[in-house]
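Undergrad: Chains as they are written, first to last, in the numbering used here: chain A, 1 to 118; chain B, 1001 to 1114.
(1) Closest by CA to residue 1061 of chain B, which one among B:1003, B:1021, B:1007 and B:1107?
(2) Can you find the residues in the same chain that come closer than 7 Å, C-beta to C-beta, to residue 1189 of chain B, ignoring five residues on each side of it along the sequence?
(3) Report yes or no: is there a C-beta of chain A within less than 8 Å of the C-beta of residue 1012 of chain B?
(4) Can you give me the C-alpha to C-alpha distance between residue 49 of chain A and residue 77 of chain A, rounded to a whole angstrom?
(5) By the 9 Å beta-carbon criterion, what residues does the stretch 1077-1103 of chain B contribute toward chain A?
(6) Look at the Cβ atom of residue 75 of chain A, then the Cβ atom of residue 29 of chain A, and state whether they are nearer than 8 Å.
(7) Using a Cβ cut-off of 8 Å (strictly closer), state whether residue 1111 of chain B contacts chain A.
(8) Using three-state DSSP, classify residue 1094 of chain B as helix, strand or coil.
(9) So, helix, strand or coil for residue 88 of chain A, using DSSP?
(10) Taking 8 Å as the CB-CB cut-off, is residue 1106 of chain B touching chain A?
(11) Quick check: what's the CA-CA separation for residue 103 of chain A versus residue 1047 of chain B?
(12) Once DSSP output is grouped into helix, strand and coil, what is the label at residue 1100 of chain B?
(13) Closer than 7 Å by beta-carbon distance: list the chain B residues that pair up with residue 93 of chain A, in chain order.
(14) Identify the residues that DSSP records as bridge partners of residue 1048 of chain B: which are they?
(15) Tell me whether residue 18 of chain A sits in a helix, a strand or coil according to DSSP, three-state version.
(16) In chain order, what residues of the same chain have a beta carbon less than 7 Å from the beta carbon of residue 117 of chain A, not counting five sequence neighbours either side?
Shown next, in the form of structure tokens:
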């Protein structure tokens, strides 16, 4: 199957600093990437959808100035958590999908990034 | 918005037993997907279903797309310890502004005792 690589897998940062998380599709061109947030023992909550070369679409309640998303190429999307605070600590997961199939190829997920803000 | 109700929330079974979990929705989905997530990892796709009534197998896993397009189930036969994890159903409405966007169920935590 297709490979989506997310980096870093774990990050600890100080409150008030910014953190960038990268999501790369290694063997296919991802026209669409999705960013999720997951709390312990809970489901995935979609934060935003990004299409290559255009602005991300954020879900209701997600602050776009807080969670900056860039999808500048067909293989890379980044999520920057700006001025991070302890309540931003969570597991962030990206997924990427290409073009084709019934309604689009299935999205493949990255390994996730455990963010801890201290 | 669309919501998926996944049950059961958790299951504790003995190795060798069969497992069944399901998802229901108040609205129609055109695609149903089943994922497994191991601790600290991203979800991995197990089975994808694209047509109402479709029954698909992947090894010991079998999933069906409900005929009403509002539900799906996943069965695991002869469970083994490595089946432990969280299983998620996900639905997708193709087309329009929801293209590609998945709605996830709450997850089923599976524990298998040797």
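Ideal Cβ placement from N, Cα and C applies to all residues, glycine included.
TA: On the basis of the supplied data:
(1) B:1021
(2) No answer is possible for residue 1189 of chain B: it lies beyond the span of chain B, which begins at 1001 and ends at 1114.
(3) no
(4) 10 Å
(5) 1086, 1088, 1090, 1092, 1093, 1094, 1095, 1097, 1099, 1100, 1101, 1102 and 1103
(6) yes
(7) no
(8) coil
(9) helix
(10) Under the Cβ distance rule, residue 1106 of chain B counts among the residues neighbouring chain A, one pair being separated by less than 8 Å.
(11) Low confidence applies here, because residue 103 of chain A scores a pLDDT of 36, under 50, leaving its location unreliable and the question unanswered by this model.
(12) coil
(13) Within chain B, the residues near residue 93 of chain A are 1042.
(14) B:1033
(15) Per DSSP, reduced to three states, the secondary structure at residue 18 of chain A is coil, with no helix or strand assignment.
(16) Cβ within range, chain order: 13, 15, 84, 85, 86, 88 and 89.
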